[in-house]
Amino acid sequence: MIQSDFRQHFQIAVSTNEKLSISKHAQLRMSQRNLEIAPKTWNKIADKVNEAKKMGVTEFLIIIDNEALIVSTKNNKVITVMDRDVATSQIFTNINGTIIGWTWNRKPGLWNDGSSR
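In terms of the working numbering, the sequence shown opens at residue 20 and continues consecutively.
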């Protein structure tokens with residue numbers, strides 16, 4: 020009985036895929052910095068947020084093609100967004116995870132500048 024209840028709660032917890040939201044601050048930064056993230060990439064980010072949450076990660080850095088995001092799994096929210104040039108000069112604190120997904124926006128065989136080196 021107890022094992023069955025645990026299994027049921029575990030399955031519900033594992034299958035929960037909460038929607039990712041974007042803070043007003045992150046929206047403002049995206050607008051100011053002319054950053055756009057494709058819907059397919061947002062879906063991948065949401066998947067990674069849920070995966071990180073299951074691993075106990077609470078706040079983490081995601082680095083993708085030209086952007087870097089700080090995301091909280093506590094409330095499934097993107098806290099801030101910056102371009103990679105800005106991110107390279109930053110020191111990130113109070114995070115306990117990092118995801119590098121720089122190929123999520125790239126077309127197969129192409130580099131960020133469009134060349135096929």
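Here a beta-carbon is modelled for each residue, glycine too, at the ideal position from N, C-alpha and C.
{"query": "Proximity test, Cβ basis, 9 angstroms: ALA71 and chain B", "result": "The structure shown contains no chain B, having only a single protein chain."}
{"query": "Every unbroken alpha helix (DSSP H) inside the stretch 54-132 [4 residues or more]", "result": "58-73 and 103-106"}
{"query": "Neighbourhood of ASN138 by C-beta distance below 7 angstroms, restricted to the same chain and skipping five residues each side", "result": "Given that the chain is displayed from residue 20 to residue 136, the structure contains no residue 138 and the question cannot be resolved."}
{"query": "SER40, DSSP secondary structure in three states", "result": "strand"}
{"query": "Proximity of SER91 and GLU70 at Cβ, strictly below 9 angstroms", "result": "no"}
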